[in-house]
Every structure is written in structure tokens, then in C-alpha cells.
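Counting with full-length UniProt numbering, you get residues 1 to 978 for the letters of the sequence shown. Idealized CB from N, CA, C, for every residue including glycine. From a predicted model like this one, the values you see are computed outputs, not experimental measurements.
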Amino acid sequence: MSGRELPRQITRLIEVTDRTMEVYDTIKDIRGLPEAFQEVRKWLPLVEQTLREAKTPAKKVEFTNDTNMLGTRMDNCEEKADNLLEIFQKIARKSTEEYVPSVYRSIAVKLGKHRVETLMGGILEDLLALVAHHMFQAVMQKQVEPLDKAKQELANVSPSLSESDLDEQPGTASQHGDGNRQLNNFGIGPQKNVDGNYFEAKGDQHFVTEIKHIYAENRAGISDRPETPPKPFATIPFSRDPDFVNRGNIVDQIDERCSNPAARVALVGLGGVGKSQLAIEFAHRIAAEQPDVWVFWVHAGTQARVEEGFRTIADAVKLPGRNQAKANIPQIVYHWLSNERNGRWIMILDSADDRDVFYGPTSGDARNGLPFVTYLPQSRNGSVIITTRNKDLASRLTHRPQNRIEVGPMARMDALTLLEKKLGSLADTDVADDLVQVLDFVPLAISQAAAYIQARAPRSSPKKYLAEFRESECKKGRLLEYDGGDLRRDGGASNAILTTWQISFDYIRSKQPSAADLLSLMSFFDRQGIPGWVLNIPRISKEAMQGRSQNKDSTLELDDSSSAIDDDTDDGTDDDIDSGFEDDVAMLRDYCLITTNEVGDEFEMHGLVQLSTRRWLEAFGREEVFKKQYIERLTASFPTGQYENWATCRSLFAHVQVAFGYRPSEDTLGIWATLLHNGGWYAWSQGVYEVAQQMLGKARKVRKRRLGKDDMATLASTSIFAMILSNQGRWEEAEKLEVQVMETSKTKLGADQPDTLTSMANLASTYRNQGRWEEAEKLEVQVMETSKTKLGADQPDTLTSMANLASTYRNQGRWEEAEKLEVQVMETSKTKLGADHPDTLTSMANLASTYRNQGRWEEAEKLFVQVMETCKTKLGADHPDTLTSMANLASTYRNQGRWEEAEKLFVQVMETFKTKLGADHPDTLTSMNNLAFTWKDHGRHSDAIALMEKCSQARQRVLGAGHPDTLSSLAAVAEWSS
């Protein structure tokens, strides 16, 4: 059949259907007409509508073995439609006002004992096969349900003729034939032969001429003549892909496993990763290299498609009995495949994602409801290849997990190769590399992007696509919903990656709603390191739900918000929750939507899967619901930025950064502000000042608007925000905020309340950084004495106040007083907090600095080395405290005349500070100052003067002309130049 013949067949069927309705209108008022006639007429408009909608896609069908069999199916449909029209026409001619059963019986027997309802049922079944075909499914899917409904209703209608009516009656004779076939039915008495001669027949006799050529009762309405079996060939509904990229050895793995007897292998992976494309390539290789092997392709998305696939096999092989009305097609195919004399075969079950398709009951009396899995042979001469998103189904169909081949996103070079094949030579390889990375190396997403670029060239390009993709989530979604069409994807499958994945989401929601909810929640996290314990919180307290910013933030140091998780739950309930959670996780893992780490306590998702899930939620108006759940759970789980919480904060911080990018609804803003406050606190403690400033700035703004500037929660955010500014060298801005916090705290809490003392200490630190040592000392002495009285001499806040005062003493050159305080602070901190606590390390570094100023370099070096190594381990090599400890050690080396060692450390510190804090940050400038002194001591006078001049100019600009550090730099330049 050529591609042009199918539209002709459909046009002819429409004409016959219209004529049948016209003829029926002439007999509809005949009395006694069987109910089945009315039921048949009822569904004729549906037949016509389906055929008319099929005309347009039929014009696009290309000739293949697969479509050739579809044409044969339409030939059979035409014959049934012609027979139905002939019955109506005969009754119209022979009946007037009263229905004459003998007329109907005569024509029904002549046409192969077919009732009108049987013929209509066959027509409906043929149309179901048409709309289920991959070339039509995408545009004809809506016709499946009404056609199936019509078929079921027809099956329940009262027979228009009984079985006995269809049997030949004694005492009668009839003859009918077509062409060279003739059937004579004889009864008792003289009968006339076909040629006009008479003969005597005694008794009931049924003589059949040309017995091998008689009509048999069969639903296809055609003869079941013996047919010559064809030679093996392939029924692959897709052409070979010229852009196929051979991904490692996956195709070779398939070939190796299929070489074993009764092999079964499953390609398992996320939608769009190229499972079907690998199967298509393998099928074409087999067809080209092993022509004696049958290759059968069965789309396994629904039971109707599997049924159609098995019928296609039966028609391709011309299996006897396939055209009988009650033929069990899967059983017939199963027996043929199981017979090793029929040769070697490979069956591809494509898109086998739904367990119910294979393990659920099937319709049809002939199969007795047996599931389709019972019709998959395990004979030595055959192999079954399955493509699926469902790991569990893959294991069931292949009998063991070892028979699964995991197909993931492409390797980087393979992804670039695919993009190049789609677009041609890539002008900018860096842009191409970035593009395949943002597309998560998913083949369908890459092909989709290439189709979009090609469709809009020259106004689009990889560079423009990438820029648009990165612009916003809305733009990403629009680009990833583009469907450019693909001849090598099933007609029912979308060519847009987001739509492809959303099919899986819909299925999961229909089968296990709680798993869909879990997926929805996970889509708002960062794609990596999603902690299971946060997802599986049994219950969150009311405080966490409402937002601690509104009812718990009464102090500057917030309580650990992890206490918001209510653990007082019934054990049995927890067991049920855990069990349900594990079931949900298992389903999402089965569909390759999430993966776990080796331990199994953290999950990971592809970023594009998360985006697809959020777009899916948006379509159903559920995005805000799960965004709120995400923020609530994360706020309840993320503690304050205190040292003892750093491990938890570290594991969750990436998710807080993601939450910062969300704009929650008004009723979630308070909770969101608390989350950003704690996240900013932690970022500040890690020296990530820019991120900390953004988070605390946003939290402070929300709290100020909702609660007022004098609310303690607002002051908490303002206090940390000011410390961030101070660490950035923005001391005037920090001072202004710290004065505000201190004065408000004194008024609201009292002068000796711990939070008031903290605000005074923060202001004093800013004064010290500005070189205002007397003002700093005055505040620090007040804070220290009050803390000793109110909190105790060894309380951490008291120790901090003592350390601050000691630093001011050291800056003033009062080294003995500084040393005395610093030794006391260090020893107490080691006892109370531990040797590696950040406050202890700070106290050790302060004491070492005092030793250095006193010329006690060996003692200073010993402490500085210990601090530096511990800071590297605990805080990281580029943390500001680590860099400061390295700078201090370098200064000690310089004082000892170890200039090369000093220079190496100073250069490393300066470059890292530039990267982390910026070229004009006070700490960066201090490192420049120190390096210049080292070069001067080492005899590099010109280099030293040039660097110090640069440092002094920057300090005048940043710190001001009167700052002690500025004056020191200017004095050095003047001295060295003279």
C-alpha cells in the first residue's frame, strides 16, 4: 500500500457510511425491526466523524510494512461496511411496512452469517486499531473512549438473529457465490441445480462445493484461506536516524544480551534520555545484518496498543485463524513465537511504562481476562527488548534486575556531538558546551533546542537560545515546551521534554497521589543533597507554620528553630508515615525521577525535571501550595547560625539559597523572613558576606514592613546586617545601624540585658576598626563588667567582651594588659567551648598577635601555626578567619627575617582576599600593606614603594585620610621615598 491509498480508503468508507445512514432512514419506521438495527444506526455518526478526522493525518503516512498492514485492516473494514449497507438495502427493497425476518436471515447467511451488530462491532474495532496506531494516536486520542464505549454497548445488545436462525433450514435450498466460488445448501425433495437441472435429495444433506473456499464466521469479514508464510522481515515503524550518536557500548550490550537464548533486556531511564532511539538503532542493525531474523515492534503504552501490536505480528506472519471472530490473537502469536521451527525473532516492547498494561486483566472473552504478560514467550529462539521508565516493571518483565540497562543523560562529548549533528558545525564551542550543560545532557532536550534554533534561524542561534534560557524560569518553560516534531518518536509521544515528563507525573498522581505530592515538594529544593529527614518530618508545630518571626523572635539570638518540629507523635502513626514515605520514594525511584546517594539518606533530581514539575503544578494551580510547604519545612529544619548548628546549616544551606529566589505569598512571608535571617546568619559566620548581606537585607526589609523597625525580630536582623557591613569595611553604615539597635534595646529591654550588651559590643568593635580606640575601650569595659556581674566570668559572652577589650589594648600598644586578658580568655574558652571552637581559635590568634608585638616570635609562630591549621580544617582554606591567621603567621615570618616564606603566604592571602572580598576591602588592603613591608625588608625597594602607594591611595578612598591604617601607609611611603 502506498501512502496515497490510505486517504482513498478512508474517503470510500465515509461515502459508504453516509449511504448506509440514508438507507436506514428509509427502513427506520418498519414495524418489528430488531433493536440492534437502531443501535447500529446510533453509532454510524461516530464512525463518520472518526473517519473524517483521520483524513488529514492519513495524508502524512509513509509506506512501511507497518502501514501496509494498516491498509489491509482498512480493506477489511471496507468489506464490513459494504456488507452492512447491502443488508440495509436488501431489507429496504423486500420489506414495506412489516419487518420480514427471512429476508434478513437470507442475506445474513449469504454474507457469512454476520448480524448487523457483528459487522458494526468489527468496524468499530478496526477504527480503534486505526486511532491507536502511532501515526494517528496524537491527534485521534479523544476518539478512543467513545469508540470503546460504542463497542461495549453493541456487545450487550440483544442479537438481531439467533444462532438457530443462522443455521441452514431443512426443506429449503439456497445458493450463492462470488466469482468462482459457489455454496449449495440442499434440503428434502426436488431441488434445482445451479445449471437449471433438477435432482432428488432425500434427507437432510449439506453438500459443500469447493469446501476449502467457503466463508467462515470471522470478525474481519473475509475468507480465512491458507496463505503462504512470508520470509522474515522487520516491522519497525520508524526510519533509521542519521543523527544517531553511539553512546558508549549500550547498543553492543543489547546485542550481547540478546545473543543468549530466551533473552530479555530492559532499557530503563527517564523519559527523553533516548531509550527508544537506542532500540530503533539496534532494530535496524539487526534488520540489515541478520535478514533471517524477524524484528517485531510493539508499542506498549496501553493494552489497546499491545493488542494492535500483536495483531500486526499476526498479519505480518499471516497466521491461520487470526481472522476468526473470536480469535485470541495474543495466544495465536504466542504459539507461533514459541515454535522454534519458525526461526529467530526479536520483539521490542516500546514505552512499557504502565504495570497494569501487562499485569492487569484484559478484555475479551477469548482470553478469559488473562494478563498480557502471559503471552510473552520464553522460547529459546526469541529475545524481548523493553524500553521503560519504570524500574520495577523492568525487573518484573525481565525476571531480574541484572537484566536492566540503565540509560541516563548523555556524556558531555556525546551531547556535543548530537548538537553538532542537529545544527551543523558549532561556531562557538564554549556556548555549545554551556548549552548542553543547562539542558542536563538530556538528548530530547538537546534535539528540541536544536529544532527551535533551526526553525528561527538566522534570528536564533545557540548563543541567543542560551541567553534566553537563562533569563527566567518562565522563559525556560516556554523554550522547553516547544514541540518541533520528530519522525522517530511515537505519534502519541510529545517532542517537548516538559510534556514528556508530565505524562509520568500524571500517571504517578493517578496511581499514588502521595508520591506525586512528594515529587512536587522536592521540586522546590536544590537539585542535589535533598535530605530525607526534612521530607519525612511527621508534623511541624504551629509556631513553625506561622513563622517564628512573628511570635518567637523576642531576642537578638534566636532559639534554634529546629525545636519547631513536634516529635510527640504516636509510634504507630510514625511507622505508618515512614512506610508510606518509603513507598513514595520507591515509586519515584522506579520512574527514574529521583536518585539517592550511596547511604540513601539524600536525594537528587535533574534540574529540568524540577522545572517540569513546577510548571505542571502551575497548570493545576498547586504551585503556591507546595512552595509554602517547602518554605515551612525548611524553616522548621534550618537552625540559627551558631557554631553548634554549622553541620546542619551546611547540609541545608544550598536549599536556603534556592528559597531566597522564591517570592512566597503574603501569608508565608514571615516564615520566609525567618529562614533568610538564619541563612544569612550562617553565611556571615562562614565569611560569605555578599550572600549574607542579600539574605539579611531581605529578611530585615520584610520584618520591618510587617512588624516595625523596633520589633525585636527586626532588630535581630538589623544587628547581624550591621556586622556584615562592618566586616565589609563599611563602618559608617554599620555604626549608624548599631547605634539604632543599641538605643532601642536599652529602651525596650534595659541597659544590662544580654542583647543590649551584645549591641554595645558590636558598636565598640566598629569603633575599634575605625581607630576610635578610646570610645571602643569605654564601651568594652562597660560591657565586660556588666557581663561578669549578670552572666558570670566564664560565660561565652563575657569572654567575648574580654577578648574585644584586649584587642583594643593591643591596638593601643598596651601589650601586657592585652596579654593578661587574652591568656585568661584562651584558657577559659578551651575549657568551656573546646580547643577547636572558633571563639577559642580567635583568642589564640589574639594572644599570638600580642606575642608578636612583644617580639616573642617563636611563641607567636607556634600559636599561629596551630590556629591556621585548625581553621583550614574547620572553616576552609578561604574563610576570612583562616586567611587572617595565615597573614598573622606571615607577619611573624617577616619579623624573623624569613622573607620568602612570608612573601609566599602574603601573596596567597592577598589574592584570595581580592577574590573573596574585593580589591578595596580593608582586609585586602591590610594584606597589601604587609606584603609591601616584606618586599621592603627583603630589599625590593621599588616594588615595595609602588605597592604601598597603591595601598595608601586605596585606604584614603575607603577608610578616610584620618584612619590610623591610612596614616601608617602614607608615613611608610614618605619614609621609603626619602
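- The Cβ-Cβ distance between Pro377 and Ser338 falls below 8 Å.
- Cα atoms of Glu145 and Glu53: separation of roughly 15 Å, rounded to the nearest angstrom.
- Judged by DSSP secondary structure, Met347 falls within the beta strand (DSSP E) whose first and last residues are Trp345 to Asp350.
- Secondary-structure assignment with DSSP links His399 through no beta bridge to anything.
- Rounded to the nearest angstrom, the Cβ distance from Lys151 to Leu130 is 13 Å, too far for a contact under 8 Å.
- Ranking Leu6, Ala764 and Thr11 by CA distance to the CA of Lys60 puts Leu6 first.
- Here the C-alpha atom of Leu419 lies approximately 11 Å from the C-alpha atom of Leu444.
- Take the alpha-carbon of Lys113 and the one of Arg93: they are about 20 Å apart.
- Val909 sits in a helix when the DSSP states are folded into three classes.
- As the crow flies, the alpha-carbon of Arg614 is around 47 Å from that of Val40.
- Per DSSP, the unbroken alpha helix (DSSP H) holding Phe660 starts and ends at Trp646 to Phe660.
- Under the three-state reduction of DSSP, His335 is assigned to helix.
- According to the DSSP assignment, Ser685 belongs to the alpha helix (DSSP H) that extends over Leu669 to Ser685.
- In this chain, Arg814 is not harboured by any alpha helix (DSSP H), its DSSP state being neither H nor E.
- Taking every protein chain shown into account, the CB of Tyr662 has fewer than 16 other CB atoms within 10 angstroms, so this residue is exposed.
- Ser759 places its beta carbon 8 Å or farther from that of Glu774.
- Within the stretch 593-655, the alpha helix (DSSP H) runs of at least 4 residues that lie entirely inside it are, in chain order, 607-619 and 623-637.
- The closest CA to that of Ala394, considering only Phe603, Thr302 and Ala266, is found on Ala266.
- With fewer than 16 neighbouring CB atoms inside 10 Å of its own CB, Met413 falls in the exposed class.
- C-alpha of Thr50 to C-alpha of Asn597: approximately 50 Å in a straight line.
- Looking only at Ala761, Arg730 and Leu725, the smallest Cα-Cα distance to Met742 is reached by Ala761.
- Taking C-beta atoms under 8 Å as the contact rule, Gly529 and Ser651 qualify, at a distance of about 7 Å.
- Contact check for Ile346 against Val293 passes: the beta carbons are separated by less than 8 Å.
- Annotation note: the stretch 94-172 contains the following uninterrupted alpha helix (DSSP H) runs of length 4 or greater, listed N- to C-terminal: 101-110, 116-132, 137-140, 144-155 and 163-166.
- Going by C-alpha positions, Gly477 is about 12 Å away from Ala449.
- The C-beta of Asp126 has 16 or more other C-beta atoms within 10 Å across all chains shown, which makes the residue buried.
- Distances from the CA of Leu319 to each of Pro409, Leu278, Ala586 and Thr228 were compared; the closest alpha carbon is that of Thr228.
- Of Thr387, Thr118, Met140 and Phe524, the smallest CA-CA separation from Val157 is found for Thr118.
- By the Cβ criterion, the stretch 914-922 is not in contact with the stretch 890-906, since fewer than three pairs of Cβ atoms, one from each stretch, lie closer than 8 Å.
- Looking at the DSSP output, Thr966 sits in no beta bridge, so it has no partner there.
- If you check the CB distance, Phe906 and Ala890 come in under 8 Å.
- Inter-segment contact for the stretch 306-325 and the stretch 378-391 is absent: fewer than three beta-carbon pairs are separated by less than 8 Å.
- The secondary-structure analysis by DSSP pairs Thr235 across a beta bridge with Phe296.
- For Ser447, the secondary structure class from DSSP, reduced to helix, strand or coil, is helix.
- Proximity to Met928 across Asn260, Gly960, Thr966 and Ala961 peaks at Thr966, based on C-alpha coordinates.
- Counting along the chain, the unbroken beta strand (DSSP E) around Arg264 starts and ends at Ala263 to Val268.
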